[in-house]
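Number of protein chains: 2
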Amino acid sequence: MLLSGAHAAPALMPLPVRMETASGRLAVDGGFTAAATAFSDARLEAALGRFVARLSRQTGIPMAAGKAEDGAHASLRVECAAAGPLWPTLGEDESYTLDVSASGAQLKAATIDGALRGLETFAQLVAPGAEGFEAPAVHIEDRPRFPWRGLMIDAARHFVPVPVIERNLDAMTAVKLNVLHWHLSDDQGFRVESKRYPRLQQLGSDGLFYTQGEIRQVVAYARDRGIRVIPEFDVPGHTNSWFPGYPELASAPGPYTIGRTWGVFDPCLDPTREETYRFLDAFFGEMAALFPDPYFHIGGDEVNGKQWKDSAKIQEFARQHRLADNRALHAYFNQRLLKIVEKHGKIMIGWDEILDPALPQATVIQSWRGQNGLADAAAQGHRAILSWGYYLDHLQPARYHYGIDPLAGAAAKLTPEQAARVLGGEACMWAEYVNGETIDSRIWPRAAAIAERFWSSKETTAADSMYSRMEAVSRLLDWTGVQHRAGYQPMLDRMAAGRPAGPLRVLADAAEAQGLGGRARARKYTSLVPLNRFVDAVRPESESVRLLEQSAAKAIAGPAPEDLALLRERFALWAANDQRFQALAEGNALLAELKPLSKDLSALGAMGLEALDRLAASQPAPADWISAETRELTRIERVNAEVTLAAVRPVKLLLDELARKSR
Amino acid sequence: MLLSGAHAAPALMPLPVRMETASGRLAVDGGFTAAATAFSDARLEAALGRFVARLSRQTGIPMAAGKAEDGAHASLRVECAAAGPLWPTLGEDESYTLDVSASGAQLKAATIDGALRGLETFAQLVAPGAEGFEAPAVHIEDRPRFPWRGLMIDAARHFVPVPVIERNLDAMTAVKLNVLHWHLSDDQGFRVESKRYPRLQQLGSDGLFYTQGEIRQVVAYARDRGIRVIPEFDVPGHTNSWFPGYPELASAPGPYTIGRTWGVFDPCLDPTREETYRFLDAFFGEMAALFPDPYFHIGGDEVNGKQWKDSAKIQEFARQHRLADNRALHAYFNQRLLKIVEKHGKIMIGWDEILDPALPQATVIQSWRGQNGLADAAAQGHRAILSWGYYLDHLQPARYHYGIDPLAGAAAKLTPEQAARVLGGEACMWAEYVNGETIDSRIWPRAAAIAERFWSSKETTAADSMYSRMEAVSRLLDWTGVQHRAGYQPMLDRMAAGRPAGPLRVLADAAEAQGLGGRARARKYTSLVPLNRFVDAVRPESESVRLLEQSAAKAIAGPAPEDLALLRERFALWAANDQRFQALAEGNALLAELKPLSKDLSALGAMGLEALDRLAASQPAPADWISAETRELTRIERVNAEVTLAAVRPVKLLLDELARKSR
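Structure below.
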């Protein structure tokens, strides 16, 4: 599938199902045009206009965004058979074929959403070549493996402003994700305007909520990009923010205030009062009208049952209804809820806690606690999606998420009929430790690897290929407007008090941020704690260290003078950095916590230099030196200031090689 | 004026007239509030809301944007005596005093515009200190030296979209500039919607123009920030774009098309037809209603008179009216124009070509051809502003602009009464070689140095202080939204075809872009040529090289091991860079032109390393080595690919020192 020539294969992500390359290249210059040659409508024309405008940003070449006067002579001819469904729809035909030759390109699709996917593939083909920007000649046939390819954004723990949501929709469509699952309420915030129950947002959001106009705007924005929007109102737990406005809905008397910390809270809807269901009926009815997608997420996770157990009235209700325990009470609640959701014309989806033998099969299960839940749901006749393994807030490396297949683990044993119920998956961006400024860098580029898992074939699993393409696509995503790369340096500059932040950047490039667990262990966070520290700027995964690891591996495998030079240069930079960093950090509260980390980085640099010297020497390294240094590495790789030093890894590779040689 | 303590003095720019520091610091945290304690209105409240929102971005600390419930207890109490004029007005009171102590801050001003200036000073005081973000205790009394402190943006040569204009207004107000001079028509584009003469924009703009609604929006946006907006419609020359729609206005028969190249064109309004004046009367009337400021710019520059000379009819008219030459004809035109401008209640301003003994003194002269024109105008009773020396498009270093004083040169000899007619100046951002993507990096941060020239005392001239403050303020400007820093890496990434752009960045950091002259000499540009090359990404002035020059100077002056280490590190990086760059550039048309430049940078690196070795040696360097290397430096410092290698400068410092020592 690789192209020959000076350039790497086009950095397509997700990889198409089938691609054949040919010789020749299509020049992409100021005369580039795109036009619909068969079906067209306002939505497709708008998509073509956006596509040309983005290609213009991507290349820096002015292009006329208007449609070609004569479609047959457009550089890219888009032959779309029909509009397809009015709203992006689960399971619709998203396939396309794309042919590029020196004389032009042709994209064919059955629906607008298929054409949208193909346009993104074309944009990824365009790169500078020997004559200027160009797209290589290819024949591509493509269609998704799974129909449900989602990103969940939690707008409750920290509010995520509309422009941030919108730019993430642009990035999602660029990697062919097609579902925004919008987590709109949780203990820490109720983020949608209800006209029926206005105290929900008035007392539950600190003023940070989406108006109904904004919701409609985002839903329309997503539709234009072929993305479904599924709202989640998490019930009966995670409802703390509902209760300042409506304490009578809770299972214990109030008063209540908005949650400021994280975790599983006690406050929970009262499943025994008819008023609860009347409220949910009216509220869900209002929300169902706002979100056109047929699927409606009711959460259902992490119900600790404390308020239920403590309430004599609720326990009495349970006895009367022969509900043996909280689990049965929750199942009772879900069955009532399902009737309400269905009354408003929606299909219910919930987290895997709602799975229960009594739950009708029409309900879709979102599995987050493991792959078994997914397999159980599918085996019991439910359709299901996987989110376990795709939790972006844990800040795992991309290869971790990439290695998890929705049809692996317990799901591998499903019959074909059962396996067909696995609709796909969703990456989850929980927002305890992100806000509008930092969320992009926690989603991108790693979500692109997950997007490939959902779209491309099961056999597309080579991590090295994934990384090199992901890092190229990460740069392309800049032009969609997401700030995952752009936000990095300003956050470091902010900490450096107006001075050149070079030494801080060296440290940040060598570090990797801790996710949810590491941060929760480190200190007492609340939703009001500023997210303006080193750990918030540092990336989940260091690209520059990954490249150093490659160099170390090459240097170990055989003669690699350029790689050795790069390693030596970087180690020397680290070794020299601490002195510079300490000068920068003097009297600066934001940098104070990093002083030991910086010292460790310089120690790593010195260790790396010595390891290089010993590798070049004819004598094996002394065993006691190796064991002392290994202990030191073990110390250094521990979490510090809520980050780890990725820089440990290339040094460790060299040390391991020295140990191997000295055995 | 410097503060003691670990941190440098606050990076205030422009420097206030008077500042006294005291001990103590005001903590700036999540509880920070700002409130008006005397006069207030919607404009001031909006300004306080924006101020807190930006302080929140600048610090990364969530702050409630609403006003403090009790103004007397706000962290920053703003005591504004009155609204001041309805619209920002030339010569209004912009003074303020600002007192910061550990217990709070108080800002006093006579007008809202004065309060706006003080808010920006406060924002610049806030930086991370030993306990977190804080503002040092100070007493500041401040007022501008000149009342007219402008930035001219040419939206004609390349269109500048509204969001780009708006973010530049935010940056302007941050450095206390108070005039946006908006160059709205030129040969290459007519950028405003006229309802009276719609073919102006329909046939003269390629569809890239501001609607009247957008103009009103920008004018209101500027007013909120204390900035006047002065439109310029350049007549009678630079009018090529008027003629595709209205060829009858020209001095020669058409047809005409929009200009695509730069320079002085022949097409010119016909000053002999009454229809010309009727057209200008109606059109200026329409525009005068759109721009509330009393000043109205009619251009008047670069009239080559070719069409006038070639027209028998125009020559006959001149004879009849005893107009001896084109200059007299132009003066006649200007007098007719002045009547029209005044009829619509405006004060005429024009470029210095319009200065003529017959021109009434009410007209304001904008001097761009030299300081003499300014002095002449003031001596002849005109008010005048200086733009000569402030042409940002020449890409001169900040210190060059900073060194030019509106009251120096010929103006130094003016009487006090004449000197008082010098209202200030304007930085000019002509747009032949910038577009919406690159314009910010050509304006900022250098315009901040010019802003200081216009605001601060005449004696504020130390370039080193200016640079260190400008570079800090440059980083602060990120939070206003201008992309002068953010746009750099994406432009390099675009060229690097998705691969890590490290070697390209090393080269770009060491280079400085050529301005108007250098680019015009280099190749045939048109307005359709993409501005996506290395020269477009590279900064006008290299901050990292400036710091290296400092290190070289220190290393020459005395023992400076850290500076020597930094020099050695950077030289080694340059020396190693070419091999990496050539690998990146293979088969890449956008990088091909840079291959010789990259080779030169590596040669410089090697030369720098050798110079350091020779400086450390006890023997003086051989004279023939010095002269050979000096010749090589002279070769290397020539323009190449429309940039120069700033990297030459620190190497030259070392070489000069070696030459001195060997004498």
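Going down the list, the sequences are from chains A and B.
The first sequence: position 329 = 547 (the numbering used here), numbered continuously.
The second sequence: position 292 = 510 (the numbering used here), numbered continuously.
Think of the CB as a built atom: it goes at the ideal place given N, C-alpha and C, for glycine as much as any other residue.
For residue j and residue i, believed in contact at Cβ under 8 Å, the rounded distance
| i | j | result |
| --- | --- | --- |
| L710(B) | A719(B) | 5 Å |
| S469(B) | L498(B) | 14 Å between Cβ atoms; not a contact. |
| L167(B) | R798(B) | The structure shown does not extend to residue 167(B), since chain B spans only 219 to 881, so no value can be given for it. |
| H885(A) | W673(A) | What the structure shows of chain A is the stretch from 219 to 881, and residue 885(A) is not part of that stretch, so it cannot be assessed. |
| S659(A) | Y706(A) | 7 Å |
| D388(B) | T698(B) | 4 Å |
CA nearest to the CA of residue i, picked from the options
| i | options | result |
| --- | --- | --- |
| L304(A) | D259(A), Q342(A), S321(A) | D259(A) |
| E759(A) | E689(A), L833(A), R261(A) | E689(A) |
| G568(A) | G332(A), Q324(A), H515(A), H562(A) | H515(A) |
| A240(A) | T255(A), A630(A), V318(A), V270(A) | V318(A) |
| N234(B) | R545(B), E670(B), T852(B), A320(B) | According to the sequence displayed, residue 234(B) carries Pro and not Asn. Among R545(B), E670(B), T852(B), A320(B), the Cα nearest to that of P234(B) belongs to E670(B). |
| K394(B) | S880(B), Y618(B), R417(B), D360(B) | D360(B) |
| Y474(A) | G735(A), A389(A), E520(A), G407(A) | G407(A) |
| K870(B) | P838(B), A835(B), I774(B), S816(B) | I774(B) |
C-alpha gap between residue i and residue j, whole angstroms
| i | j | result |
| --- | --- | --- |
| N386(B) | E492(A) | 57 Å |
| G769(A) | D754(B) | In the sequence as displayed, the identity of residue 769(A) is Ser instead of Gly. Distance between the alpha carbons of S769(A) and D754(B) is about 32 Å. |
| N653(A) | V559(A) | 31 Å |
| E411(A) | T429(A) | 5 Å |
| G242(A) | T744(B) | 29 Å |
| R434(A) | G309(B) | 47 Å |
| A224(B) | E804(A) | For A224(B), the predicted structure reports a pLDDT of 36, less than 50, and the residue's modelled location is therefore unreliable. The matter cannot be settled from this model. |
| E238(A) | M231(A) | 16 Å |
For residue i, the three-state DSSP class (helix, strand or coil)
| i | result |
| --- | --- |
| A300(B) | coil |
| Y428(B) | strand |
| M231(B) | coil |
| S585(A) | strand |
| W460(A) | helix |
| Y608(A) | coil |
| Q636(A) | helix |
| R367(B) | strand |
| I516(B) | coil |
| R443(B) | coil |
| I279(A) | coil |
| F250(A) | coil |
| K531(B) | helix |
| S274(B) | helix |
| Y495(A) | helix |
| R660(A) | helix |
Check whether residue i and residue j have beta carbons under 8 Å apart
| i | j | result |
| --- | --- | --- |
| F340(A) | L294(A) | yes |
| D372(A) | W648(A) | yes |
| A353(B) | A323(B) | yes |
| A667(B) | Y609(B) | no |
| W843(A) | G823(A) | no |
| E644(B) | S605(B) | yes |
| I583(A) | L641(A) | no |
| L694(B) | G716(A) | yes |
| T581(B) | A729(B) | no |
| V397(B) | R367(B) | yes |
| N458(A) | F483(A) | yes |
| D424(B) | I476(B) | yes |
| I358(B) | L402(B) | no |
| S585(A) | L577(A) | no |
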